[in-house]
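Below is one structure; the comments refer to it alone.
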Amino acid sequence: MSELKQTYDPATIEPRWQQFWLDQNVFHTPNPGDADFDARKPKFYALDMFPYPSASGLHVGHPEGYTATDIVARYKRQKGHNVLHPMGWDAFGLPAEQHAIATNTHPAKTTAQSIATFREQLQRLGFSYDWEREISTADPSYFRWTQWIWKQLHARGLAYESNAPVWWCEVLGTVLANDEVIDGKSERGDHPCERRPLRQWVLRITEYAERLLTELEPLDWSDSLKAMQREWIGKSEGAELDFSVHGHDGVSVRVFTTRPDTLFGASFLVLSPEHALVAVVTSAAQRQAVESYQQAAASKSELERTELAKEKSGVWTGAYAHNPLYPGDDPRGRIPIWIADYVIVTYGTGAIMAVPAGDERDFEFARKFDLAVPGIFAPKSSDAERDGKIARGELCCIDEVPYALHCRTEDGSLALMGLSLAAGKSAAIDWLVARGFGQAKVTFKLRDWLFSRQRYWGEPFPVLHTEEGVELVADDQLPVLLPQMEDFKPGGVPESPLVRAKNWVAVKDRKGRNAKREINTMPGAAGSSWYFLRFCDPTNEREFCSRSASDYWMPVDLYVGGTEHAVGHLLYSRFWTKVLHDAGFLRVNEPIQKLYNQGMIQSFAYQDARGAIVPVKDTKEVGDDVVHAMGGGKLVRIITKMSKRYGNVINPDDVVREYGADTLRLYEMYMGPLADSKPWNPKDVPGVHRFLGRVWRLCVPDDFSAGNLHAHLRSDRTEDAELEKHLHRCIAKVEGDIDRMAFNTAIAAMMIFINEATKRNGALSRSQLLRFCQILSPFAPHIGEELWQRLGGSGLLAYATWPTFDAALLHDLEVEIAVQVLGKLRGHAKVAAGAGNDVLLAAARLAVAAQLEGKTVVKEIVVPGKLVNFVVK
RNA sequence: GCCGGAGUGGCGGAAUCGGCAGACGCACAGGUUUCAAAAACCUGCGCCCGUAAGGGCGUGAGGGUUCAAGUCCCUCCUCCGGCACCA
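For the first sequence, the tail end lands on 1236 under our numbering, and the numbers increase by one without skipping.
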């Protein structure tokens, strides 16, 4: 590092250190068994949700989470951990392919370009990744193992072919998984989707539903994210029971209910229009009405069925079922069977017993079609009118125990009166089981994972289809590579473009018979469901990851990313990890110990009087106001997401060019709590840059030259005691704040220290500056390393041991306490730290003597070291 | 509708366990330096009354608990995220 510049110039120091870190492999992490591995150190695995390398390059949202994990990774390294901090690319998938089609270039090529751009942009931000562990999910040496893992799933009966209706998106030309379809539209692109039956590969994630639910609980994830997964898995406990159908011997309708205790109030049954028994039970007189309703329901798109759900609709089948509470011929048990599209065929049994007195949907339906609403609860409230309505079945109420008097069978074998909700449910289930009418049943909302796509840019399945059925490609034949194709556009029919690669599709199997390759490819989430494992052992050619590597590194200690992957990626990753664990390939059962969701970085936008968004380039500042540049009224500033349309997108490259990477990192961490969404304010960026400038000048004075490098620094012997105290407090604060992911307040603490040091104008010692550089460097590594070197720190700062603090220096010898009278602050008093209550009280009385004058103190509250409060009369 | 999170100066935010609300940064104002400007540095900066000393008010709204509430409890409003006819 030859030329020593005087002023803080990130443009020269940052690229130099980045190059050095890369050239010297500074952040390479050895694995257990490697020559330079130190088994005495504890491990730490800090992982980012790896990016989807899009053609538009890095967004300011990316470095937010990446900086957070980098701070922790660098901190842990200085604290003596073996740190695994890798980066890679989620490279297969729809957007890459769409971009390739749009630019008429092969996706392999566009993806490689995007990766190169991303890598370069990330390296300009000084992240301490072990680049030797870089992986790409589209790399054959990677997806070979994705295919291999899929074979493990298949071998365990967890991958199967299905012809059930699936979400098909015409515009995207592929089927989509449940989590990729929102309100009947594709998550990506917002295109309409429809249900249609297609042969697809499906993964039996439902087999793991219970474990995915219970094993979620101990994880260190946010409550909201756990709640999202819980709701997605959607466990309901209740019962299945059978209602025999009048006039159809041996035919019964099985329903699922979470409230078997409300059987006393079941006044009709509802089947979904698609239910198989509809055709069986419908009477001749009702057949026409039923069939036209079925047709109407079928022609409604999923969108219409959910969006137009306001008004209930349905048709009576003409049939009656029998409520099992009553003897077989008792007319009181006779209830009509209806069909209605508010009952979903894919959930439960596709049929319900309707209890209008206890379920608002059933109540609404009963009202609309004038069906009976037998009251079953005896509510107790101050509102007599409401109670009366509920008792008479004129109002629906949920969860309202106690049960009404008539909630008992005539022979007394089931009597709910006086029971709690839980006891009522289990009594009802016991009763049903004893008579063979039903049994306890657990139902999940979670569906099996639709695992194939009709697109080119994804992992091929290691599957051949022969006349005798499915045959898997042998392990030693993996990976199955994609064929080179000029035209890889989707075909417009629900069939993969791979069907056109005729030479690729037609193969001979092991025994020399004619076979066809599977033409579907795997979904984007395939490669990302296990990449955290590959990072542990990225170049292994014999296994997806050695046991020794995964045993050592897994689970991930800190995983940072956005909430958008709450039910997709994070659920799939947990599923695959559990399967690999069950198959004996992994010790861990859960991949991610601690998950932290970063907020979104938003931006300012401007609205005119009509509420229309005005692009930022069309605005100008006039005094304190922002107005339309082309003449026009005052604009209102709002906070919204960054968007090309609003012209408010911040490009990280521009920020690095103007202020440097350290400033970008520091600003993104200083904006506010990592988990919060917060707006980018260009005016705030110079603030953190100024702070770095002050740090620089404290180390490198204006009159700096090689000869007087340390002349301005105090020798360590005559260190300023006050500053030393401030430094110890700063170290303690930064440590604690990194531990709780509160990077904004850690930076504020460092600013306070630098302000103190600046005020004392050069009273810092070299040792103090070196220690300060150490705590700064996880946040701003380039300036940290540069100053460390210039100050003559030994070795690389990146691996220098984190400075210690002396707990005795964290507290002053003399403290100022607050003195209150009747809870209002009236004065302050200085006392020795640790002074007894009598000393505090004496000092406090003195401080507020005027306010106590003529009053009687009835109570004295003393909070040692902080506060005294006098309660007076 | 249900679940989760939030609401604090002109702005972003701080207050980690019920104990001095507004740390730190931005913006703004005044000053030092300068031929000048930039940069840098210093000072001030919640609102109201007051020259000041001082006083009153103040953390979305209303109520409550407490010597003491941004923090705990109840009711409500607004915003953000998720789920949504799942029986």
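Even glycine gets a Cβ: it sits at the ideal position worked out from N, Cα and C.
Neighbourhood of residue i by C-beta, 7 Å cutoff - its chain only, sequence neighbours within 5 removed
| i | result |
| --- | --- |
| residue 903 | 909 |
| residue 828 | 878, 879 and 881 |
| residue 811 | 565, 566, 567, 568 and 569 |
| residue 1035 | 1041 and 1107 |
Backbone CA spacing between residue i and residue j [nearest angstrom]
| i | j | result |
| --- | --- | --- |
| residue 877 | residue 522 | 24 Å |
| residue 920 | residue 674 | 49 Å |
| residue 1163 | residue 477 | 35 Å |
| residue 1106 | residue 738 | 58 Å |
| residue 1009 | residue 1045 | 16 Å |
| residue 1278 | residue 582 | In the structure as shown, the chain starts at 364 and stops at 1236, and residue 1278 therefore has no counterpart that could be examined. |
| residue 628 | residue 720 | 7 Å |
| residue 481 | residue 1030 | 21 Å |
| residue 567 | residue 517 | 10 Å |
| residue 943 | residue 649 | 53 Å |
| residue 1197 | residue 1136 | 33 Å |
| residue 619 | residue 571 | 21 Å |
| residue 831 | residue 729 | 53 Å |
| residue 584 | residue 808 | 22 Å |
| residue 578 | residue 420 | 37 Å |
| residue 510 | residue 1120 | 59 Å |
| residue 923 | residue 726 | 45 Å |
| residue 1109 | residue 1088 | 17 Å |
| residue 1012 | residue 981 | 14 Å |
| residue 687 | residue 599 | 23 Å |
| residue 550 | residue 540 | 10 Å |
| residue 580 | residue 692 | 49 Å |
| residue 483 | residue 854 | 36 Å |
| residue 805 | residue 962 | 35 Å |
| residue 864 | residue 870 | 12 Å |
| residue 372 | residue 466 | 39 Å |
| residue 984 | residue 927 | 36 Å |
Nearest-angstrom beta carbon gap, residue j and residue i [assumed within contact, 8 Å]
| i | j | result |
| --- | --- | --- |
| residue 1145 | residue 377 | 4 Å |
| residue 735 | residue 624 | No, residue 735 and residue 624 are not in contact; Cβ-Cβ is about 19 Å, not under 8 Å. |
| residue 614 | residue 644 | 7 Å |
| residue 1220 | residue 1200 | The Cβ separation is near 14 Å, so there is no contact. |
| residue 424 | residue 964 | 5 Å |
| residue 592 | residue 929 | 7 Å |
| residue 1161 | residue 1149 | Contact doesn't hold; Cβ gap of about 12 Å is too wide. |
| residue 617 | residue 712 | 5 Å |
| residue 408 | residue 916 | 5 Å |
| residue 448 | residue 401 | Actually they do not touch by this definition, with Cβ atoms about 16 Å apart. |
| residue 635 | residue 708 | 4 Å |
| residue 970 | residue 999 | 5 Å |
| residue 890 | residue 822 | 7 Å |
| residue 602 | residue 795 | 6 Å |
| residue 1139 | residue 1113 | 6 Å |
Cut-off 6 Å between Cβ atoms - residues of its own chain near residue i, not counting five sequence neighbours on either side
| i | result |
| --- | --- |
| residue 385 | none |
| residue 437 | 491 and 1141 |
| residue 1222 | 1234 |
| residue 1179 | 1191 and 1193 |
| residue 715 | 618, 633 and 706 |
Residue i beta carbon near the ligand MN (any heavy atom closer than 7 Å)
| i | result |
| --- | --- |
| residue 897 | Because no ligand of any kind appears in the structure shown, any question about the ligand MN cannot be addressed here. |
Nonlocal neighbours in the same chain, by C-beta distance under 8 Å from residue i, ignoring five residues either side
| i | result |
| --- | --- |
| residue 431 | 923, 959, 961, 1032, 1037, 1104 and 1106 |
message = Contact between the stretch 450-465 and the stretch 384-396 is defined here as three or more beta-carbon pairs at a separation below 8 Å; is this criterion met?
response = The stretch 450-465 vs the stretch 384-396: no contact.
message = Extract the residue ranges of the alpha helix (DSSP H) inside the stretch 545-587, only unbroken runs of 4 or more that lie entirely within it.
response = 572-577
message = Threshold first: 4 residues or longer. Then list the alpha helix (DSSP H) segments lying entirely within the stretch 620-664, N to C.
response = 641-644 and 647-662
request  = Evaluate contact between the stretch 532-539 and the stretch 551-571, counting only Cβ atoms and requiring at least three cross-stretch pairs below 8 Å.
outcome  = yes
Inter-stretch contact at 8 Å, needing at least 3 Cβ pairs: the stretch 943-951 / the stretch 974-985 = Contact between the stretch 943-951 and the stretch 974-985 is absent: fewer than 3 CB-CB pairs across the two stretches fall below 8 Å.
inquiry  = Would the stretch 1034-1052 count as touching the stretch 1126-1140 if we require 3 or more Cβ pairs under 8 Å?
reply    = no
key: Continuous alpha helix (DSSP H) assignments of at least 4 residues falling wholly in the stretch 432-512   = 457-465 and 470-486
ask   = Is it a yes or a no for the stretch 601-620 touching the stretch 807-821, going by three-plus beta-carbon pairs under 8 Å?
value = no
ask   = Does the stretch 1091-1101 touch the stretch 1167-1178, meaning 3 or more C-beta pairs lie closer than 8 Å?
value = These segments touch.
ask   = Which runs of the alpha helix (DSSP H) fall wholly inside the stretch 677-716 and span at least 4 residues, in chain order?
value = none
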